[in-house]
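Protein chains in written order, with this note's numbering: chain E, 12 to 252; chain D, 12 to 252.
Number of protein chains: 2
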Amino acid sequence: MGASSGLNYQPLYKQIKSLILQRVIDGNWSPGEALPSEQQLGKEFGVSQGTIRKALDEMTAENIFIRKQGKGTFVSQHSAARSLFHFFYVVSNDGKRVLPDSKVIGLTRASANKQEQNRLKLKAGDKVIRIKRVRFLNDKPVIVELISLAVKVFGDFLKKEEIPNTLYELYESQYDVKVLKAVERLKAVKLKKEDASLLGMKAGAPVLEIDRLATALDTRPVEWRLSFVDTSDYYYLSELT
Amino acid sequence: MGASSGLNYQPLYKQIKSLILQRVIDGNWSPGEALPSEQQLGKEFGVSQGTIRKALDEMTAENIFIRKQGKGTFVSQHSAARSLFHFFYVVSNDGKRVLPDSKVIGLTRASANKQEQNRLKLKAGDKVIRIKRVRFLNDKPVIVELISLAVKVFGDFLKKEEIPNTLYELYESQYDVKVLKAVERLKAVKLKKEDASLLGMKAGAPVLEIDRLATALDTRPVEWRLSFVDTSDYYYLSELT
DNA sequence: GAGTGGTCTAGACCACAAT
DNA sequence: TTGTGGTCTAGACCACTCT
């Protein structure tokens, strides 16, 4: 296998996996596009189909690819439905998942503050775009969201009116940023006065604060999102395994 | 493979998996015990080592087994550390995980109320055990917990003084109940007056409510737990993938 | 050295989708 | 019928652990 002697041993399929991952990061295949067949990839890399399979197995588990029996292996793609299932854990009290609507109420550009520098790994002076929006579930305002994006990643951004509901779709199609993982930190806090009217609640009411950092394929942090959720009629779902 | 004709097709390794799972449920092997080697299991079931491996792969991913290269495959076991990592998502603001202490302040037996009947799938009149305790992180009271257990599963329970800190270890070793999954529903609520003094907070302060239902290997719901967390110095961690 | 899990291969066959 | 992913096998060899 040519790798080496004891210390840095990496199984073949792991090495193949890195190579394939790099191709995805490089944009070798577009989201939604089919990869070459496992047999072809095997020939190309000089390994057996089983080894390719094991590499693709792991990457499929990581939501990088989607397999369709009889059709092929495809680069995964964000869609409204996928965003809903993978990155939206607010569920109605009766257990039903609801697709939120959004209304953008602010879009500004500024120098990153300390928190943004910390979370997005920016330097003092780096610029960010800030989006503030309200999300509606069943036509009721339920979530206030503050979103921060690094200008150096996203460049100039859309006009307020053009910002779509499902941002991760946009990041992927327009900015070549594929969000695959996010870490959320949850707290119960008092609703701020400035957000009270947006949610139709009293200032000081308990709301769920969700502090989310989303990272791209190459593990760069790309979006920081601070949400405040009215959990009277909804809850946040977490499955432990 | 003898299975059948198109409709109910189950791959061999899935069938093997069911058989092995049933053996674990039946207590064929104890927690911490080693299974026969993959080769031996292969002979026993009349399949290749690769097929056994694929079954064990999935079960290892489900935390039913733990593999140790060079040693064998073992039935997983709850331990304080494992409980901490798999079932305790409250993390200090600086990101460090802390093992909680507990103080039991109530242990009663009663007929299941509506919520308990619903969650634990009990009938009217079925008995439950209720435990109330306070959990400390770094010697500070942070969580109030209300735990409900079905008497028909756990029978008579320990004395208040004998209840250990990590319950899932106890369920497994004493009651043959292996908790592998749990679903948590999170909300932000006002701290109740009766719990205020326990956490050293004011009544009405925002706290994180965690409604957890834990299920056993055989998918029975076995424990319902309602927690109220002071998230001033801690947060709830959720990783989305 | 013996035993266990972990990797890798080459080849066969099955299930599914498209044509 | 063809091509794709999905399953299964038998055998080889590697890495790790214990004696």
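Glycine is no exception: its CB is placed at the ideal position from the N, C-alpha and C atoms.
Could you tell me whether the Cβ atoms of residue i and residue j are closer together than 8 Å?
{"i": "V162/E", "j": "V188/E", "result": "no"}
{"i": "L219/D", "j": "Y247/D", "result": "yes"}
{"i": "S87/E", "j": "F76/E", "result": "yes"}
{"i": "K201/D", "j": "P217/D", "result": "yes"}
{"i": "A91/D", "j": "E156/D", "result": "no"}
{"i": "S238/D", "j": "I116/D", "result": "no"}
{"i": "A193/E", "j": "L251/D", "result": "yes"}
{"i": "F85/E", "j": "G43/E", "result": "yes"}
{"i": "I31/E", "j": "A72/E", "result": "no"}
{"i": "R146/E", "j": "D105/E", "result": "no"}
{"i": "I174/D", "j": "I142/D", "result": "yes"}
{"i": "A225/E", "j": "V190/E", "result": "yes"}
{"i": "K83/D", "j": "L46/D", "result": "According to the sequence shown, residue 83/D is Gly rather than Lys. Going by C-beta atoms, G83/D is nearer than 8 Å to L46/D."}
{"i": "S249/E", "j": "E195/D", "result": "yes"}
{"i": "L118/E", "j": "K171/E", "result": "yes"}
{"i": "S159/E", "j": "E127/E", "result": "yes"}
Within 10 angstroms of its Cβ, does residue i collect 16 or more other Cβ (buried), or is it exposed?
{"i": "R144/D", "result": "buried"}
{"i": "L110/E", "result": "exposed"}
{"i": "L148/D", "result": "buried"}
{"i": "D167/D", "result": "exposed"}
{"i": "V240/D", "result": "buried"}
{"i": "E49/D", "result": "buried"}
{"i": "Y245/D", "result": "buried"}
{"i": "A123/D", "result": "buried"}
{"i": "R223/D", "result": "buried"}
{"i": "Y275/E", "result": "Residue 275/E is absent from the model: chain E starts at 12 and stops at 252."}
{"i": "I36/E", "result": "exposed"}
Against chain D, which members of the region 172 to 197 of chain E pass a CB distance test of less than 8 Å? So the close ones are L191, K192, A193, V194, E195, R196 and L197.
Are the region 125 to 138 of chain D and the region 227 to 236 of chain D touching, with three or more C-beta to C-beta distances below 8 Å? Contact holds: three or more Cβ-Cβ distances are below 8 Å.
Just by C-beta distance, which residues in the region 205 to 220 of chain E are closer than 7 Å to chain D? The region 205 to 220 of chain E vs chain D, Cβ under 7 Å: P217, V218 and L219.
Sequence ranges, beta strand (DSSP E) only - wholly within the region 19 to 87 of chain E, length at least 3: Whole beta strand (DSSP E) segments, 3+ residues: 76 to 79 and 83 to 86.
The region 26 to 38 of chain D contacting the region 209 to 219 of chain E, beta-carbon criterion three pairs below 8 Å: Contact between the region 26 to 38 of chain D and the region 209 to 219 of chain E is absent, because fewer than three Cβ pairs lie under 8 Å.
Please list the residues of the region 129 to 153 of chain D that have a C-beta atom closer than 7 Å to any C-beta atom in chain E, keeping them in chain order. Going along the region 129 to 153 of chain D in chain order, one finds no residue with a Cβ nearer than 7 Å to chain E.
Scan the region 68 to 84 of chain D for residues whose Cβ lies nearer than 8 Å to a Cβ of chain E and list them as they occur along the chain. Taken in chain order, the members of the region 68 to 84 of chain D whose beta-carbon sits within less than 8 Å of a beta-carbon on chain E are E73 and N74.
Complete runs of the alpha helix (DSSP H) confined to the region 203 to 231 of chain E [at least 4 residues]: Counting only runs of 4 or more, we get 204 to 210.
Cβ-based contacts, 7 Å cut-off: residues of the region 224 to 249 of chain D near chain E: Those residues of the region 224 to 249 of chain D that come within reach of chain E (Cβ to Cβ, closer than 7 Å) are T242, Y246, Y247, L248 and S249.
Where are the alpha helix (DSSP H) runs, 4 residues long or more, that stay fully inside the region 129 to 215 of chain E, in chain order? As far as the region 129 to 215 of chain E is concerned, its whole alpha helix (DSSP H) runs of at least 4 residues are 162 to 165, 178 to 186 and 204 to 210.
Looking at chain E, which residues of the region 88 to 101 of chain D have a Cβ within less than 8 Å of any of its Cβ atoms? Within the region 88 to 101 of chain D, the qualifying residues are H97, F98 and Y100.
What are the residues in the region 53 to 65 of chain E lying within 7 Å of chain D by C-beta distance? Of all residues in the region 53 to 65 of chain E, none places a beta-carbon less than 7 Å from a beta-carbon of chain D.
Against chain D: residues of the region 32 to 48 of chain E by CB proximity under 9 Å: Against chain D - using a Cβ distance shorter than 9 Å - the region 32 to 48 of chain E contributes no residues.
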